[in-house]
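Worksheet: the structure to be examined is printed underneath.
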Amino acid sequence: MSSPESVIDIHSHFFPETWPDLAERFGTPDWPWLRHLGDGKAMVMVGEKDFRPIYSACWDVDKRLEEMDRDGVDIQVICATPVLFAYGRPAEQAADCARIFNDAALEMCGRAGGRLEALAQVPLQDIDLSCREVERAMADGHRGVQIGNHVGPKDLDDAGLVTFLHHCADLGAAVLVHPWDMMTDGRMKQYMLPWLVAMPAETQLSIVSLILSGAFERLPRSLRLCFAHGGGSFAFLLGRVDNAWRHRDIVRQDCPNPPSSYVDRFSVDSAVFDDGALKLLTDVMGPERIMMGTDYPFPLGEQSMGSGVRNNPHLDPSARAAMLGGNARRWLNLEDQTPARAVGA
Ligand code: CO
């Protein structure tokens, strides 16, 4: 259970040990499935192609808790991996998928003695179905929702997506935006370049779209929004966006205030893997807007969870404590675990 000193990782992923055969269920090929290789190892498959090697921490709660104990993490937030989103499929099928993986996430949380919390997935290609699924998930015990940073050509400033974000604010659902379906025109075939180059740009695109479209002027301040991977390229290039806003009317036409004035409307995780980068992020966002996030248990995640925040020489103790847990408690609404007070009593 959470306490004010709890160390909380807001960005980790899970896969259930098994799930229904989706190709058979929907009668179409190339759905994700898990090929177990024995000895706690498995390969996430998409159709007949290898997608990613994973290990038992993805589905085995005891293994996960053991590694959380090793690294001094009290609470972890689990969410699906974008390969399970199914945004490009018929919406009813994506909704069915969301229910399968959302229920599986809560089942894992139920075996973790209060040390795992979950963010749901939704069929984001259909806003009504998404609103319904996030309502169902919140009622069942999810803390919020993880969404991909775009749906096909629609960025987060799309009217439907803004409506969904508004609905999340009304429900008190935290929203983690995760880059996926990375822009690439064939020049990123090798070296995991889509993860290294396009993912940070996707995240920056989402944040800058929300800012320059004026969407933050329409969204309530109660929206608890967080972007993965330190917000991608955003913080490093915010000065460039501010400069453009000052000097070009086509940049500022829908955005009444300087882009940098909107940094108090969202948070980012700490997954930047460099002391200087985390210092820059802290200078731009403020320590109250950064939460420890690891991308555990994947190879591109933080291998010693929380070490980037704990060992950063530029952070003072209060900033470090806020990033390790205090900010996440508020973002996840973990403080609100006592029975609701009777109104007017
Ligand atoms: Co991730």
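Numbering (this note's numbering), first residue to last: 687 to 1031. Where is the CB? At the ideal position from N, CA and C, for every residue including glycine.
So the beta strand (DSSP E) residue 762 belongs to, where does it begin and stop?
-> Counting from one through the sequence shown, the residue named residue 762 turns up at place 76. Note, residue 762: beta strand (DSSP E), 761-765.
The alpha helix (DSSP H) enclosing residue 961, as first and last residue numbers | On the sequence shown, position 275 is the one that residue 961 refers to. It spans 961-971 - the alpha helix (DSSP H) in which residue 961 sits, taken as one unbroken run.
Is it buried or exposed for residue 689, if we count other Cβ within 10 angstroms and need 16 for buried?
-> Taking the first residue of the sequence shown as position 1, residue 689 is located at position 3. Classification of residue 689: exposed, given that the 10 Å Cβ count is below 16.
Confirm the yes/no value for this check: CB of residue 981, any heavy atom of the ligand CO, distance under 6 angstroms.
-> Position 295 of the sequence shown, counted from the first residue, corresponds to residue 981. Checking every heavy atom of the ligand CO against the Cβ of residue 981, one is found closer than 6 angstroms.
Same chain only: Cβ atoms within 8 angstroms of residue 840, ignoring 5 sequence neighbours per side | As a first step, residue 840 must be located in the sequence shown, where it is residue number 154. So the qualifying residues of the chain are 846 and 847.
Going by DSSP, which residues form a beta bridge with residue 912?
-> Translated into the one-based positions of the sequence shown, residue 912 becomes position 226. The partner list for residue 912 (beta bridge, DSSP) reads 862 and 953.
What three-state label does DSSP hand residue 728 in the structure shown?
-> Your numbering for residue 728 matches position 42 in the sequence shown. Note: residue 728 maps to strand in three-state DSSP.
Buried or exposed for residue 756, please, with buried defined as at least 16 other CB atoms from any protein chain shown within 10 angstroms of its CB.
-> Here the question's residue 756 lines up with position 70 in the sequence shown. Exposed, by the Cβ-count rule.
Where residue 888 falls: helix, strand or coil (DSSP) | Locating residue 888 in the sequence shown gives position 202, counting from the first residue. Reduced to three states, the DSSP call for residue 888 is helix.
Take residue 835 as the anchor and find which of 913, 854 and 802 has the nearest alpha-carbon.
-> Within the sequence shown, the letter at position 149 stands for residue 835. Out of 913, 854 and 802, 913 has the C-alpha closest to the C-alpha of residue 835.
DSSP bridge partner residues for residue 803 (one or two, in chain order) = As a position in the sequence shown, residue 803 is number 117, starting the count at 1. Residue 803 pairs with 763.
Just the C-alpha distance for residue 697 and residue 918, rounded to the nearest angstrom, thanks.
-> Within the sequence shown, the letter at position 11 stands for residue 697. Within the sequence shown, the letter at position 232 stands for residue 918. For residue 697 and residue 918, the distance between alpha carbons rounds to 14 angstroms.
How many Å lie between residue 968 and residue 800 at the Cα?
-> On the sequence shown, position 282 is the one that residue 968 refers to. On the sequence shown, position 114 is the one that residue 800 refers to. One C-alpha to the other measures close to 30 angstroms.
For residue 649, which beta-bridge partners are listed by DSSP?
-> Outside the modelled stretch of the chain, which goes from 687 to 1031, sits residue 649, for which no answer is possible.
Determine the contact status of residue 1010 and residue 978, defining contact as a CB-CB distance below 7 angstroms.
-> Position 324 of the sequence shown, counted from the start, is the residue given in the question as residue 1010. Position 292 of the sequence shown, counted from the start, is the residue given in the question as residue 978. Contact: yes.
Label residue 853 either buried or exposed according to how many other C-beta atoms from any shown protein chain fall within 10 Å of its C-beta, with 16 as the threshold for buried.
-> Reading the sequence shown from its first residue, position 167 is the one you call residue 853. Buried.
Report yes if the CB atom of residue 920 is closer than 7 angstroms to the CB atom of residue 893, and no otherwise.
-> Taking the sequence shown and counting its residues from 1, one reaches residue 920 at position 234. Taking the sequence shown and counting its residues from 1, one reaches residue 893 at position 207. Going by C-beta atoms, residue 920 is nearer than 7 angstroms to residue 893.
With DSSP collapsed to three states, give me the class of residue 850.
-> As a working mapping, residue 850 is identified with position 164 in the sequence shown. DSSP places residue 850 in helix when its eight states are reduced to three.
Could you tell me which residues DSSP pairs with residue 720 in its beta bridges?
-> Taking the sequence shown and counting its residues from 1, the one referred to as residue 720 is at position 34. Looking at the DSSP assignment, residue 720 forms a beta bridge with 730.
In the DSSP assignment, find the unbroken alpha helix (DSSP H) run with residue 737 in it and report its ends.
-> As a first step, residue 737 is located in the sequence shown; it is residue number 51 there, counting from the start. Premise fails: residue 737 lies in the beta strand (DSSP E), 735-741, not in any alpha helix (DSSP H).
Between 721, 931, 694 and 699, which lies nearest to residue 706 when the distance is taken from Cα to Cα?
-> Locating residue 706 in the sequence shown gives position 20, counting from the first residue. The shortest Cα separation from residue 706 among 721, 931, 694 and 699 belongs to 721.
Can you give the beta carbon distance from residue 701 to residue 761, rounded, assuming they're within the 8 angstroms contact cut?
-> As a first step, residue 701 is located in the sequence shown; it is residue number 15 there, counting from the start. As a first step, residue 761 is located in the sequence shown; it is residue number 75 there, counting from the start. Residue 701 to residue 761, Cβ: 20 angstroms. No contact.
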